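Asker: The working numbering puts the first residue of the sequence shown at 110, with every later residue one more than the last. C-beta atoms are modelled at their ideal positions from N, C-alpha and C, and glycine is treated no differently. Quantities reported herein were computed from a predicted structural model and do not represent experimental measurements. Here it is, the structure, as structure tokens.
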Amino acid sequence: MLGTTFLHWGRFRHGSFPFDLWFWIYLVTPVLVPAVWLVNRRHDPGTLEARDARFEAPVSRALTATGVVLVAIAAWMYLDPEGVVAVWPWGLTTLTARAIAAFVALPGVGWLAIAADGRWSAARVMIETTALGLVLLLVAVARSWHDFHHANVLTYVYFLGLVGTLAAIATLRMWMLRRIEAGDAVRSEPEPPA
Numbered sequence: 110m111l112g113t114t115f116l117h118w119g120r121f122r123h124g125s126f127p128f129d130l131w132f133w134i135y136l137v138t139p140v141l142v143p144a145v146w147l148v149n150r151r152h153d154p155g156t157l158e159a160r161d162a163r164f165e166a167p168v169s170r171a172l173t174a175t176g177v178v179l180v181a182i183a184a185w186m187y188l189d190p191e192g193v194v195a196v197w198p199w200g201l202t203t204l205t206a207r208a209i210a211a212f213v214a215l216p217g218v219g220w221l222a223i224a225a226d227g228r229w230s231a232a233r234v235m236i237e238t239t240a241l242g243l244v245l246l247l248v249a250v251a252r253s254w255h256d257f258h259h260a261n262v263l264t265y266v267y268f269l270g271l272v273g274t275l276a277a278i279a280t281l282r283m284w285m286l287r288r289i290e291a292g293d294a295v296r297s298e299p300e301p302p303a
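Take a look at the structure:
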């Protein structure tokens, strides 16, 4: 978002409280969030909790693939906003295409981090928060359905992608909780490297 702000600097009302707030949030956040994450990682032994499970390999691969696809879409939106504007399922400007790229990149990086960690306990809150966000996005889609280009197939790809992701998250959550309840999910930790 900071890069988008600099690229579209002339479009903002400088000196106003909303702009100052926007600018400082996106100036500090890219440094602060990774720093907090790195500090927290030092205190996390990476072990399973008492009632926990690791994702099976196919789930980790699906999360990784989804993350890579979302990051690639975000890169395309950021680097070629004119191309995005031409095909997107609702009206965009180059500024809004780049702003939406940030919101596409965020879950992409999140899915990659979840896959890399592999523990349900580390992923649960983010996955449940993503589910809530998807429900809110679907409400927004329903409320603004008239703004979508109904002749554009990407309208339906977008809608089905939201619904499919929500269904996949619900299924994953139920599956992981059942594995934990059954007691077959907690695995012994691998031996630490010598």
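#1: If contacts are defined as beta-carbon pairs under 8 Å, then Pro216 and Thr203 qualify, I think. What distance do you get, rounded to the angstrom?
#2: Just checking my contact of Ile278 with Ile236 at CB under 8 Å: how many whole Å lie between their CB atoms?
#3: So, helix, strand or coil for Trp146, using DSSP?
#4: On a Cα-Cα basis, can you pick out the residue from Val137, Tyr187, Leu141 and Ala159 that is closest to Ser230?
#5: I need the DSSP call for Phe257, collapsed to helix, strand or coil.
#6: I'd like the list of long-range same chain contacts for Thr175, defined as Cβ closer than 7 Å, with 5 residues on each side in sequence excluded.
#7: Taking CB distances under 7 Å as the criterion, tell me whether Phe121 reaches chain D.
#8: Restricting to Cα atoms, I'd like to know which of Ala181, Trp146, Arg252 and Val218 is closest to Thr239.
#9: What is the rounded straight-line gap between the Cα of Ala251 and the Cα of Glu165?
#10: For Phe128 and Phe121, I'd like the C-alpha separation in whole angstroms.
#11: My guess is that Leu243 and Thr274 are in contact by the Cβ rule of under 8 Å, so how many angstroms apart are they, rounded?
#12: If you measure between the beta carbons of Arg288 and Ala162, is that distance less than 7 Å?
#13: Judging by CA-CA distance, which residue of Ile182, Ala232 and Leu147 is the nearest neighbour of Leu157?
#14: Among Asp256, His255 and Gly192, whose alpha-carbon lies nearest the alpha-carbon of Ala210?
#15: Around the Cβ of Leu179, are there at least 16 other Cβ atoms within 10 angstroms (buried) or fewer (exposed)?
#16: Would you check if the distance between the CB atom of Leu201 and the CB atom of Val194 is smaller than 7 Å?
Answerer: On the basis of the data shown:
#1: Counting from 1 along the sequence shown, the entry for residue 216 is found at position 107. Counting from 1 along the sequence shown, the entry for residue 203 is found at position 94. Not quite, the Cβ-Cβ distance comes to about 22 Å (not below 8 Å), so this is no contact.
#2: Here the question's residue 278 lines up with position 169 in the sequence shown. Here the question's residue 236 lines up with position 127 in the sequence shown. Their Cβ separation, rounded to whole angstroms, is 6 Å, which keeps Ile278 and Ile236 in contact under 8 Å.
#3: As a first step, residue 146 must be located in the sequence shown, where it is residue number 37. The answer is helix: DSSP assigns Trp146 an H, G or I state.
#4: Residue 230 sits at position 121 when you count from the first residue of the sequence shown. The shortest Cα separation from Ser230 among Val137, Tyr187, Leu141 and Ala159 belongs to Ala159.
#5: Taking the first residue of the sequence shown as position 1, residue 257 is located at position 148. Phe257: strand per DSSP, three-state reduction.
#6: Taking the first residue of the sequence shown as 1, we reach residue 175 at position 66. Closer than 7 Å at the Cβ level, and outside the excluded window around Thr175, lie Trp220.
#7: This model lacks chain D altogether, as it is built from one protein chain only.
#8: Indexing the sequence shown from 1 puts residue 239 at position 130. For the residues Ala181, Trp146, Arg252 and Val218, the minimum Cα distance to Thr239 belongs to Val218.
#9: Here residue 251 is taken as the residue at index 142 of the sequence shown, counted from 1. Here residue 165 is taken as the residue at index 56 of the sequence shown, counted from 1. Within the model, the alpha-carbon separation for Ala251 versus Glu165 is close to 35 Å.
#10: Numbered from 1 along the sequence shown, position 19 holds the residue referred to as residue 128. Numbered from 1 along the sequence shown, position 12 holds the residue referred to as residue 121. Those two C-alpha atoms are separated by around 7 Å.
#11: As a first step, residue 243 must be located in the sequence shown, where it is residue number 134. As a first step, residue 274 must be located in the sequence shown, where it is residue number 165. Sure, about 6 Å apart at Cβ, within 8 Å.
#12: Position 179 of the sequence shown, counted from the first residue, corresponds to residue 288. Position 53 of the sequence shown, counted from the first residue, corresponds to residue 162. Yes, the Cβ-Cβ distance between Arg288 and Ala162 is below 7 Å.
#13: The sequence position of residue 157 within the sequence shown is 48, counting from 1. Closest option to Leu157, judged by alpha-carbon separation, among Ile182, Ala232 and Leu147: Ala232.
#14: By one-based count along the sequence shown, residue 210 stands at place 101. Measuring C-alpha to C-alpha distances from Ala210 to each of Asp256, His255 and Gly192 identifies Gly192 as the nearest.
#15: Counted from its first residue, the sequence shown places residue 179 at position 70. Around the beta carbon of Leu179, a 10 Å sphere encloses 16 or more other beta carbons of the protein chains shown; the residue is thus reported as buried.
#16: Taking the sequence shown and counting its residues from 1, one reaches residue 201 at position 92. Taking the sequence shown and counting its residues from 1, one reaches residue 194 at position 85. The criterion of a C-beta distance shorter than 7 Å is satisfied by Leu201 and Val194.
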